[in-house]
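A quick write-up on the structure given underneath.
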Amino acid sequence: QGICAFLNSGVSGSIFIGIDHKNTIQGIELLSTDHDAFKSGFKNMVCLIVPKVNPSLVSIVLHDVHDANRSLIEDCCLIESKVLKDDSGQMYRISPDSMAFWFCGESNPELAGSHKWPDVAALIGHKSNQYYKNILFRS
Numbered sequence: 151q152g153i154c155a156f157l158n159s160g161v162s163g164s165i166f167i168g169i170d171h172k173n174t175i176q177g178i179e180l181l182s183t184d185h186d187a188f189k190s191g192f193k194n195m196v197c198l199i200v201p202k203v204n205p206s207l208v209s210i211v212l213h214d215v216h217d218a219n220r221s222l223i224e225d226c227c228l229i230e231s232k233v234l235k236d237d238s239g240q241m242y243r244i245s246p247d248s249m250a251f252w253f254c255g256e257s258n259p260e261l262a263g264s265h266k267w268p269d270v271a272a273l274i275g276h277k278s279n280q281y282y283k284n285i286l287f288r289s
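FYI, in our numbering the residues of the sequence shown are 151 to 289.
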């Protein structure tokens, strides 16, 4: 929904997963051995968007997370989905018969449309929904 919202709103931005409402990086528990599976699941999720999204418009970066002493926190990452501005004028949807999503508001964008998140964890075969904690949109 967030990716479709950026694409439909005509702005570039990032979706961060692992930042709390006070903009503090908390990170998301993700074993380093699961990074490739997560990235693959993310790409599979983007492929479900209709019409087909130009792959150069959407990317994912898994950032390391460090504690206050700048020590690496093992099996913890900050997930960033970067979405570039789409000038095609197309209306992107999660599926052909789903609602369209876009951002409304300036300082803290809100999604307009349904607020049900796709089950990313199920797409990559992960057993928890921890990925849905601490989601922040920035344009």
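Just so it is clear, CB atoms sit at the ideal spot from N, CA and C, and this is done for glycine as well.
- Looking at the DSSP output, leucine 228 sits in a beta bridge with His213.
- The alpha-carbon separation between glycine 177 and leucine 228 amounts to approximately 5 angstroms.
- Separation of glutamate 224 and valine 208 (C-alpha to C-alpha, rounded to the nearest whole angstrom) is 26 angstroms.
- In this structure, lysine 232 lies away from valine 161, with their beta-carbon atoms at least 7 angstroms apart.
- If the five residues before and after valine 200 are omitted, its C-beta is found closer than 6 angstroms to the C-beta atoms of Arg243 and Pro246, all from its own chain and listed in chain order.
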